[in-house]
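*Asks:* Shown below is the structure under consideration.
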Amino acid sequence: MRYHYRGNAADSTLRLTLGCLLGLELRRVGSGKRMTFGKAGEAVLSQWMAENARVCWIEQSEPWTVESELISQLDLPLNLDQNRHNPFHGRLKELRAQACHRARGLPIST
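What follows is the structure, given as structure tokens:
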């Protein structure tokens, strides 16, 4: 959970998705293989999440089973894995791909 709330887009698919939806600029960092929204963008995203995102969980011995069931039964548009049936899946995948493509064309951020 810490990676989602305090990490960066390179370590959290949730942060990558939310940042892309919010229009933050994805940039290559370090060696150029990792992509984040930079310090300022990640801070904006963290603040947005603190104000708007809520997470809850339950302990489960086989969480992958519950995840598959939930994805198949609920409308979870931000989840790409196992979720091709969701009407937003294609659009979200394209938004993320476009952000990665733009980032590859920019200089590596320090």
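Numbering (the working numbering), first residue to last: 7 to 116. No residue lacks a Cβ here, since even glycine has one placed at the ideal position from N, Cα and C.
State the start and end residues of the unbroken beta strand (DSSP E) segment that holds Met-4.
*Replies:* What the structure shows of the chain is the stretch from 7 to 116, and residue 4 is not part of that stretch, so it cannot be assessed.
*Asks:* Give the straight-line distance between the Cα atoms of Arg-108 and Asn-92, rounded to the nearest whole angstrom.
*Replies:* In the sequence shown, the residue the question calls residue 108 occupies position 102. In the sequence shown, the residue the question calls residue 92 occupies position 86. Looking at the two C-alpha atoms, the distance is approximately 25 Å.
*Asks:* With three or more beta-carbon pairs closer than 8 Å as the criterion, would you say the stretch 39–52 touches the stretch 15–23?
*Replies:* Counting Cβ pairs under 8 Å, three or more are found: they touch.
*Asks:* Could you check what DSSP says for Val-72 in three-state terms: helix, strand or coil?
*Replies:* As a first step, residue 72 is located in the sequence shown; it is residue number 66 there, counting from the start. Of the three classes helix, strand and coil, the one that applies to Val-72 here is helix, per DSSP.
*Asks:* Run through DSSP, which three-state label would Arg-8 get?
*Replies:* For this step, residue 8 is matched to residue 2 along the sequence shown. Looking at Arg-8 - three-state DSSP - the assignment turns out to be helix.
*Asks:* With distances taken between CB atoms, is the gap from Val-50 to Ser-115 smaller than 8 Å?
*Replies:* Counted from its first residue, the sequence shown places residue 50 at position 44. Counted from its first residue, the sequence shown places residue 115 at position 109. It is not a contact, given that the beta carbons lie outside the stated cut-off.
*Asks:* Who does Arg-33 pair with in a DSSP beta bridge?
*Replies:* The residue given as residue 33 occupies position 27 in the sequence shown. According to DSSP, Arg-33 bridges with Thr-42.
*Asks:* For Leu-84, collect the residues of the same chain with a Cβ closer than 6 Å to its Cβ; drop the 5 residues on either side in sequence, then sort them by chain order.
*Replies:* Taking the first residue of the sequence shown as position 1, residue 84 is located at position 78. Cβ within range, chain order: Thr-23.
*Asks:* Determine the extent of the alpha helix (DSSP H) in which Thr-19 is found, giving its start and end residues.
*Replies:* The residue you call residue 19 lines up with position 13 of the sequence shown. Start and end: 19–27.
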